[in-house]
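Written out below as structure tokens is the structure these notes cover.
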Amino acid sequence: MTYALIDANNFYVSAERIFRPSLEGIPVVVLSNNDGCCVARSNEAKALGIKMADPWFKVKHFNESHGLVGLSANFELYGDISDRIASITAGYGHRQEIYSIDESFIDLTGIRGDLVERGFKLRSRILQWVGVPCCIGIGETKTLAKLANHIAKTSERKPGSYPRNLAQVCNLSTLSPEEKEYLFARTEVNDIWGIGRQISQQLQALNVKTVQDFMRLSSSLVRAHWGVVVERTHRELHGTSCITLDEAPAPRQEIACTRSFGRPVTDLDTLREAISTFATTAAQKIRKQGSYTTRLMVFIRTSPFRKHDEQYSRAITIPLRRPTADTHYIAQAALAGLSQIYLKGYNYAKAGVHLLELQSTATSQGELDLDNDPQDRTTLMTAMDTLNDRYGKGTIGIASAGIRKGTWHMKQERRTPAYTTRWEDMPIVRA
DNA sequence: TCTGGGGTCCTAGGACCC
DNA sequence: TCTGGGGTCCTAGGACCC
-12 MTYALIDANN FYVSAERIFR PSLEGIPVVV LSNNDGCCVA RSNEAKALGI
38 KMADPWFKVK HFNESHGLVG LSANFELYGD ISDRIASITA GYGHRQEIYS
88 IDESFIDLTG IRGDLVERGF KLRSRILQWV GVPCCIGIGE TKTLAKLANH
138 IAKTSERKPG SYPRNLAQVC NLSTLSPEEK EYLFARTEVN DIWGIGRQIS
188 QQLQALNVKT VQDFMRLSSS LVRAHWGVVV ERTHRELHGT SCITLDEAPA
238 PRQEIACTRS FGRPVTDLDT LREAISTFAT TAAQKIRKQG SYTTRLMVFI
288 RTSPFRKHDE QYSRAITIPL RRPTADTHYI AQAALAGLSQ IYLKGYNYAK
338 AGVHLLELQS TATSQGELDL DNDPQDRTTL MTAMDTLNDR YGKGTIGIAS
388 AGIRKGTWHM KQERRTPAYT TRWEDMPIVR A
């Protein structure tokens, strides 16, 4: 097999730069909800030592010292840009898996010709048509394609880390065993797709520091220590394809809406409003997917970062009497759950609603649904979704869900002027 | 003062059944 | 006194991903 991974560089930052060329060459971060954490960093921001998920208040001093710019995220825009890139990328091979908002795997098996040259052409096409720089990694398995992509990106960003000719597009599948050994010995074990913080710490303790060290472990030892998932990763690094390309991912098995609050929340009324809103959003999401939920989970928690606060974290799952996608029903169930877990006297920092056990029909398994459920209501809900899609979120809602605006505070003012250009207004350059 | 929001899969352990 | 064993289902928690 031969796979490619095409990955946009610093995607959210690159997407913002399309419309604001003045952001080019300066340190930029894109911030999460409440402008809380850095979720994307430009190369210049990475060079300042800013890490993924660093809180804004800890890095904003770079604003005065180095001109760091913090932008509130604009996920609708990123979704549009992502679709554009994915449709161009699809032409690179016969099959595509859209893996995340900024990544696609492409099956290149059996494609003749110089894959690196084709990769560079694809890359410049995306840059020219959309304006986002990408890197491409190619390998015999998805894990190796990921690793190749890491090498392509790192050798561009940190000259000298790897041979220069591997920058931007890196094909591991045509390298000799010696060349690969050389690269794997210079790559840290935690850069492997599937090896996260915990496992890489355990590996370090066993003096396994590089990809090469890890590959030299026996499969059986890897399996015994870390289970079948990590063993699969180990096999993939050795060139045995275990993770298949998934062109049409199954519908989501669970859908959630959770938020951190802009400031601590203590009273039940405010929490009820928040939970109603989350339930409403989550219900919209499952209707969009055409699913019904049969169980939901509500949670509330204090902030683990406020060390002097008394900590409290609880979740409850509520079985539903029948599969449903009805906002009102879901919100009521969520509120009933909330009332069971709420305790007075804590500073709540985060809450959420998860809809679980999603299924594609409104009928319980093996049961004829004679209940008065509510084709009518579903139709009403769908009409509501259409209006909200067309005229903006929150145009219309369910009064009984208890949604009132402005009491619980989530989104602060944007730190930079609101971004107004819509995708349709964007200049399109054709080659 | 201020610390994201989604998802997936696997495993261990308890309850229950025969 | 001696107190089975295997299968299934469920849940919680832990690990990973972006």
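First residue of the first sequence: -12, per our numbering; consecutive thereafter. Just so it is clear, CB atoms sit at the ideal spot from N, CA and C, and this is done for glycine as well. These figures come from a predicted structure and were not determined experimentally.
Check residue -2 in the structure and name its three-state DSSP category.
Three-state DSSP puts residue -2 in a helix.
The beta strand (DSSP E) with residue 58 in it runs from where to where?
That run of the beta strand (DSSP E) goes 56 to 59.
Report all residues from its chain with a CB closer than 7 angstroms to the CB of residue 387; omit the five preceding and five following residues, and keep chain order.
Here the model assigns residue 387 a pLDDT of 42, short of 50, so the residue's position is not dependable, and the following value carries that caveat. 315, listed in sequence order.
Suppose contacts are defined by Cβ-Cβ distances below 7 angstroms. Is residue 429 in contact with residue 274 by that definition?
A query on residue 429 cannot be resolved here, the shown segment of the chain reaching from -12 to 418 and no further.
Using CA atoms only, rank isn't needed, just tell me which of 237, 279 and 40 is closest to residue 22.
Ranking 237, 279 and 40 by Cα distance to residue 22 puts 40 first.
Between residue 95 and the ligand PLP, is there a pair consisting of the residue's CB and a ligand heavy atom that are separated by less than 6 angstroms?
In the structure shown, the ligand PLP is absent, as is every other ligand, since no ligand is present at all.
Determine whether the beta carbon atoms of residue 142 and residue 154 lie at a separation below 7 angstroms.
In contact: residue 142 and residue 154 (Cβ atoms closer than 7 angstroms).
Tell me where the beta strand (DSSP E) around residue 94 begins and ends.
It spans 90 to 94 - the beta strand (DSSP E) in which residue 94 sits, taken as one unbroken run.
Note the first and the last residue of the continuous alpha helix (DSSP H) segment covering residue 209.
First-last of the alpha helix (DSSP H) with residue 209: 206 to 224.
Going by C-alpha distance, which of 5, 140 and 161 is nearest residue -12?
Residue -12 has its Cα closest to that of 161, out of 5, 140 and 161.
For residue 291, collect the residues of the same chain with a Cβ closer than 8 angstroms to its Cβ; drop the 5 residues on either side in sequence, then sort them by chain order.
Closer than 8 angstroms at Cβ, skipping near neighbours: 298.
Which one of 110, 259, 342 and 180 has the shortest CA to CA distance from residue 221?
Ranking the options by Cα distance to residue 221, first place goes to 180.
Let me confirm a value: residue -6 is counted as buried when at least 16 other C-beta atoms fall within 10 Å, else exposed. Which label applies?
Buried, since its Cβ has 16 or more Cβ neighbours within 10 Å.
Could you check how far apart the C-beta atoms of residue 265 and residue 337 are, in whole angstroms? I think they sit under 8 angstroms.
Residue 265 to residue 337, Cβ: 11 angstroms. No contact.
Under a Cβ-count criterion, where at least 16 other Cβ atoms within 10 Å of its own Cβ denotes burial, should residue 140 be classed as buried or exposed?
Per the 10 Å Cβ criterion, buried.
In the structure shown, what three-state DSSP assignment does residue 227 receive?
Note: residue 227 maps to coil in three-state DSSP.
Following the continuous beta strand (DSSP E) through residue 87, name the residue where it begins and the one where it ends.
Looking at the DSSP string, the run of the beta strand (DSSP E) that includes residue 87 is 82 to 87.
Kindly provide the ranges of any alpha helix (DSSP H) runs that are 4 or more residues long and lie completely inside the region 230 to 265, ordered along the chain.
Those alpha helix (DSSP H) runs which fall completely within the region 230 to 265 and span 4+ residues do not exist here.
With distance defined between alpha-carbon atoms, name the residue in 252, 228 and 217 nearest to residue 330.
The option with the nearest alpha carbon to residue 330 is 252.
Can we say the region 90 to 109 touches the region 145 to 159, given the rule of at least three CB pairs closer than 8 angstroms?
In short, these stretches touch, since the Cβ pair count reaches three.
Do you know how far the Cα of residue 305 is from the Cα of residue 455?
Residue 455 lies beyond the stretch modelled for the chain, which goes from -12 to 418, so this question has no answer here.
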